[in-house]
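Okay, structure first, notes after.
2 protein chains.
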Amino acid sequence: MYLQQVLKRKITLKHIARELGVSISTVSKALKNSNEISRDTKEKVQAFAKLYNYKPNNIAISLKNKQTKNIGVIIPNIVHHFFTTVFRGIENYAGTRGYNVVVCVSDESFDKEVINMEMLANGSVDGFIMSLSAETQARNDFAHLKEVTEQGIPLVLFDRITDNIDCDKVIINDKQIAFKAVSTLIADNRKHVALITTDTYFNVSRFRGEGYKEALQVAGILYDENLILTLPYDEIDENVIRYFFQNTKIDAVLCVNEIFAVLAMGIAQELGHRVPEDIAFIGFTDGLLSKYVRPSLTTIAQHGEKMGEMAAQMLIEKIENEPIDERETYCTKVIEATIIERASTGN
Amino acid sequence: MYLQQVLKRKITLKHIARELGVSISTVSKALKNSNEISRDTKEKVQAFAKLYNYKPNNIAISLKNKQTKNIGVIIPNIVHHFFTTVFRGIENYAGTRGYNVVVCVSDESFDKEVINMEMLANGSVDGFIMSLSAETQARNDFAHLKEVTEQGIPLVLFDRITDNIDCDKVIINDKQIAFKAVSTLIADNRKHVALITTDTYFNVSRFRGEGYKEALQVAGILYDENLILTLPYDEIDENVIRYFFQNTKIDAVLCVNEIFAVLAMGIAQELGHRVPEDIAFIGFTDGLLSKYVRPSLTTIAQHGEKMGEMAAQMLIEKIENEPIDERETYCTKVIEATIIERASTGN
DNA sequence: TAATGCGTTCTCAACGTTTCAAATCACACT
DNA sequence: AGTGTGATTTGAAACGTTGAGAACGCATTA
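Given below as C-alpha cells:
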C-alpha cells in the first residue's frame, strides 16, 4: 500500500480560531486559561489544541515580548576541559530557568569573537556569558563588549576577564590558590619549586605567577628566574622542557594547566627523576588527564561547573530584573579553587 | 563630573523613517540597495543607518521568513572529547553558512532529550543534529524524533543512531576499523586479544564488538568469552579490571574508549606487564589522554570534527533545499576512522 | 423603561521586518 | 490639456502572538 507521507505542519492560533469559528484572541486567552473565557469555550479550544498538538511559536513570542529566552555563550575553545565544564554549568542552570544556550567559539581569535558577538547581539539573545579570546586579551581592545553593554544587553565575563569593562564577573582565586599550592610544596620540604607558565597576557597566568612568587617570599626563598619556564600556548616543543629539567635543579613544579603538568612529568620521569620522591608536580584544571595519568596528578580544581552556574545565575538575574535605572551596580564573584591531592605530590 | 550613562537602545526602521520623513518601506529598500530607490534617498538613509549603527532585528526577520538560521544540537554530554570535537565541526561549518548553534545536553537522559527537543522544535531552530542518549537507546523509544521529522523539520543523527527513524545519518565505520585494529594486533603475533567494552545497547559498542569477532574468525582464532570484559559506562571499579588481568592470559587489548584503555593499561603495568612488549593496547577516541599518557596510546581516531562538519552540511542542505516534495530521500555517510599508532602497540 | 453590570467575545494595534501592489510625481510626447 | 512612461515612493498585508479596550447579549436593578 502506498502510504502518503503526511506533513503535520505546525498549527497556529489562527488555524484553531478559523476551525472553531472564534476569534484569535479568544483562542489565545482560552489556552492561557484566562477567566475572561467561558468554561465551554476553554474546553473546546484546549481539546482542539491538544488534539492537533498546538505549540506556540517561540519566535513570535520573542518578537512580542522583546526577549528570546536565549543566552549567548562565547568561549575561546570548546575542546578544552575547563571551558567544557563551565559550559555544562551554564547549560544546566539556564535549562532550569527556561533558557536556551547559543554557543559560539571564538577560537582565540579577536575577529571571530567580534563577529559572533555582533551576530547574536541583534536580537538573538538576551545576554552574554563570555571568556575572552587570547587575541582579545593581547590586543586589549574591548570595543565590542562596550557596544553590547551600552545597548543595555547584560554581560557576564568569566575566568579570562578585563578590568576595562563594567559588568558582572566570575573568577577563581588564582593567586591565592597558587600561593597555597606552592606553600604546600615548600612545607613538604621542597627547596627548588619551578613554575611552568604561558605568556602573561593571560591574566590568569599572571595571577598564578604572583601567587607563586608570594609563596616563595613568605617562605624566605629567593625568587630565581631560572626556575620559570614560559611555554607558548600551543605547539609545545618537548625539547625545551627536557632542556629545562636537565639544566636546572628542581624538586617541585607548579604548572598553569594540566597539559604542561603531564607533559613535564612524563619528561622528568624519562630523565630518571622519580615522582613524587625527586620532583613533585601540581597542575591546574582537574580533567581526565590529571585523573588517569600515572602517577595521578595533584591538581587545582577550578570548579568550572560551579563557575558556569554562577555566571548563568548572575546573567539571568540581570536579564530579568530590568535596569533599576539607578546607576547600574556590578559585582565580581570569586569561586574558591581547591587542591586535589593525588600521587604526584607528598613525601 | 557626573557622567550620565546613555543607553543607545536599538534603532529600528521605523525610527529611521520617522527621522528622515520617509516611509518604512523606503528605508527597508534603501538599506538593501534596491534600485527602486533614488541614489539620493539611498545615500541619505544609509548614512543615517550607519551613523546610528542600525542592525536589523533577527527575530523579526525570522518571523517573517519562517527560518531562524539556528541549528539545534542535542548531545548526551559535552564534557567528552568526542562530542566536543563533533560540536566544533558543527559550529565551525555552521558559522561559515551563517547559522548559529543552540546546544542542549541530554545528560544521557531520555526525558531531558525529549524536553530539549520540544523546547527547540517550536520555531527556535531550523533543524536538529543529535546523538542519542544512552537511555533513549536502551528504551528504544523514538517518538520525539518521529514527531519532529513529521513536522518537516530536518534531522541528522550522528554516531549514536537508530534504524527506526528515517533521516540523514553520519557514522564511522566502527566495525571495519575494529576489525582492522584487531587484525593488526594479530599480525603483530598477539594470540590473546581481549576486548573491553560497555553494555551493548550502545550500538557503537556492538559494532566494534562485531569487528573484533570477525577479525578473530578470519585469523582462525577461536572466540573466547573470557577475553571479553564488559564495564558499566560510568563508575568503574578498578578491581574488576585488576581481576581480569590477573586471571586471564592476555597479550593485547582493544578498548571501546580511551578511558578504559588508559585505565586498563595503567593497571596492567602495575601488575608488572610491560607495554607494549607483554601487552599491547588500542583505544577508541583520539583525545588528550591517548596523546599524553605514557606510553602514549595507539588509538582509533574518529575524526569527530569531520563528522560534525559533515552533519552540519547535510542538515543545512536539507534546510535550504526545501522538500522536493517527492518522496524524501535520506542518506547515511560513513566517516573513515583511522588508527593512530603510538607507543602502546608494535613489537 | 432605562440604566447598570456582568460574562463573554471580538476588534485592533503592536512587536520589526519584507514585499506586492498601488499611488504619486516629473516629464515628454501628442 | 491629455496621455503615457518610467522612476520613485508609499500603503498594506503578512509572519504568530498578546493585551487593552470595545461591543454584545442578557439579567438585574432603579
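Chains as they are written, first to last, in the working numbering: chain R, 1 to 347; chain W, 1 to 347.
Ideal Cβ placement from N, Cα and C applies to all residues, glycine included.
Assigned exposure category for residue i - 16 Cβ within 10 Å defines buried
i: R:A187; result: exposed
i: R:V218; result: exposed
i: R:L13; result: buried
i: R:E150; result: exposed
i: R:G304; result: buried
i: R:Y99; result: buried
i: R:G266; result: buried
i: W:L3; result: Caution applies to W:L3, whose pLDDT of 38 falls short of 50 and renders its modelled position unreliable; the model cannot decide the point.
i: W:Q5; result: For W:Q5, the predicted structure reports a pLDDT of 47, less than 50, and the residue's modelled location is therefore unreliable. A value from the coordinates is still provided. Exposed, since its Cβ has fewer than 16 Cβ neighbours within 10 Å.
i: W:R342; result: buried
i: R:V182; result: buried
i: W:D224; result: exposed
i: R:L222; result: exposed
N- and C-terminal bounds of the beta strand (DSSP E) containing residue i
i: R:L348; result: This structure does not reach residue 348 of chain R, given that chain R is present from 1 up to 347, and the question cannot be answered.
i: R:A301; result: T298 to A301
i: R:V101; result: N100 to V105
i: R:V356; result: A question about residue 356 of chain R goes unanswered here, because the residues of chain R that appear run from 1 up to 347.
i: R:F284; result: A280 to F284
i: R:L195; result: V193 to T198
i: R:G127; result: G127 to M130
9 angstroms Cβ cutoff, residue i in contact with chain R
i: W:C104; result: yes
i: W:H273; result: no
i: W:N70; result: yes
i: W:F348; result: Outside the shown range of chain W (1 to 347) lies residue 348 of chain W, about which nothing can therefore be said.
i: W:V240; result: no
i: W:Q246; result: no
i: W:L63; result: yes
i: W:E235; result: no
i: W:Q269; result: yes
i: W:E147; result: yes
i: W:N347; result: no
Where residue i meets chain R, residues with beta-carbon distance less than 7 angstroms
i: W:K10; result: Q151
i: W:M119; result: N100
Partners in chain R for residue i, counting only beta-carbon separations shorter than 8 angstroms
i: W:G123; result: K10, N57, N58, I59 and A60
i: W:Y292; result: I259, V262, L263, G266, L289 and V293
i: W:E225; result: Simply none; closest approach about 28 angstroms.
Boundaries (first-last residue) of the alpha helix (DSSP H) holding residue i
i: R:K291; result: L288 to Y292
i: R:N65; result: N58 to N65
i: W:F245; result: E238 to Q246
i: R:A219; result: N203 to A219
i: W:V114; result: F110 to A121
i: W:A252; result: Counting along the chain, W:A252 falls outside any alpha helix (DSSP H), though it belongs to the beta strand (DSSP E) covering A252 to C255.
i: R:T184; result: D174 to A187
i: R:T332; result: Where R:T332 is concerned, there is no enclosing alpha helix (DSSP H), although the beta strand (DSSP E) it sits in stretches over T332 to I335.
Own chain residues within Cβ distance below 6 angstroms of residue i, not counting five before or after
i: W:Y233; result: T198
i: W:F207; result: D174 and K175
i: W:L289; result: E258 and V262
i: R:F245; result: A268 and L271
i: R:I352; result: Because chain R is modelled from 1 through 347, residue 352 of chain R falls outside the range shown and cannot be assessed.
i: R:V156; result: I129, D168, A311, M314 and L315
Residue i CB to nearest heavy atom of the ligand ADP below 8 angstroms
i: W:N58; result: The ligand ADP is not among the ligands present in this structure, which contains no ligands whatsoever.
Spatial neighbours of residue i in its chain, beta-carbon cut-off 7 angstroms, leaving aside the 5 residues before and after
i: R:M1; result: Here R:M1 scores only 36 on pLDDT, less than 50, and its place in the model should not be relied on; the value that follows carries that caveat. So no residue of the chain qualifies.
i: W:N33; result: K42
i: R:V204; result: D159, R160 and D174
i: R:E210; result: K175
Partner residues on chain W for residue i, Cβ-Cβ distance less than 7 angstroms
i: R:T84; result: I78, V79 and T84
Interface flag, residue i vs chain W, CB-CB below 9 angstroms
i: R:G95; result: yes
i: R:E91; result: yes
i: R:N53; result: yes
i: R:N116; result: yes
Chain R residues whose Cβ lies nearer than 9 angstroms to that of residue i
i: W:E108; result: What W:E108 touches in chain R: nothing, since even the nearest Cβ is about 13 angstroms away.
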